[in-house]
Every structure is written in C-alpha cells, then in structure tokens.
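For reference, the structure discussed in these notes is given below.
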Amino acid sequence: MVDFLTIILLIFGVLQIILFFKVWGMTNDIKEIRNKYLKDEDEKRRQKAEYDPTPKISGGVKTTI
Numbered sequence: 001m002v003d004f005l006t007i008i009l010l011i012f013g014v015l016q017i018i019l020f021f022k023v024w025g026m027t028n029d030i031k032e033i034r035n036k037y038l039k040d041e042d043e044k045r046r047q048k049a050e051y052d053p054t055p056k057i058s059g060g061v062k063t064t065i
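Count the sequence shown with UniProt numbering and you get residues 1 to 65, in order.
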C-alpha cells in the first residue's frame with residue numbers, strides 16, 4: 001500500500017512541476033498576445049497623444065504652505 005501511494009505522489013509531483021513551467025511560459029506570451037490584438041488601438045492612442053493640439057492645463061488648485 002505504501003508503494004502504491006509513493007508512486008501516486010511521485011506522479012502528482014511531476015505533473016505539478018510540468019504545470020508550473022507551462023503557466024510560466026504562458027505568462028511570457030502575454031506581451032505577444034497583447035501586441036497582436038491591441039496594436040491598432042495602441043497606435044491610435046499614441047497618435048492622439050502626439051498630435052493633440054489642446055493645452056494640458058490642470059484644473060486643480062495648488063496649495064501654498
């Protein structure tokens with residue numbers, strides 16, 4: 001019985017390590033996925049920020065000490 005449990009735990013441990021590296025690899029692909037689907041939207045935002053002729057004046061009040 002102990003041998004059977006040991007084999008099951010070893011298999012479970014190996015599968016956990018494989019899952020860890022798969023998730024780690026997927027997190028590295030987020031930048032590529034983002035660039036693929038949001039490239040046009042980012043370009044529009046960049047152009048608007050570069051060529052926006054409206055002045056950037058804060059409407060807030062500065063406090064004096």
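For each residue, glycine too, the CB sits at the ideal point set by N, CA and C.
Give every residue of the same chain whose Cβ lies closer than 7 Å to the Cβ of W24, excluding the five residues on either side of it in the sequence, and list them in chain order.
Sequence index remark: in the sequence shown, residue 24 carries index 24 (1-based). No residues qualify anywhere along the chain.
What span of residues does the alpha helix (DSSP H) with K26 cover, start to end?
For the purposes of this step, residue 26 is taken as residue 26 along the sequence shown, with counting starting at 1. At residue 26 the sequence reads Met, which differs from the Lys that was named. 2-28 is the extent of the alpha helix (DSSP H) around M26.
Taking the C-alpha atoms as reference points, what is the distance between F4 and L10?
Residue 4 sits at position 4 when you count from the first residue of the sequence shown. Residue 10 sits at position 10 when you count from the first residue of the sequence shown. Approximately 10 Å between the Cα atoms of the pair.
From D40 to M26, what does the alpha carbon distance come to, in whole angstroms?
The sequence position of residue 40 within the sequence shown is 40, counting from 1. The sequence position of residue 26 within the sequence shown is 26, counting from 1. Cα to Cα, the separation comes out at about 23 Å.
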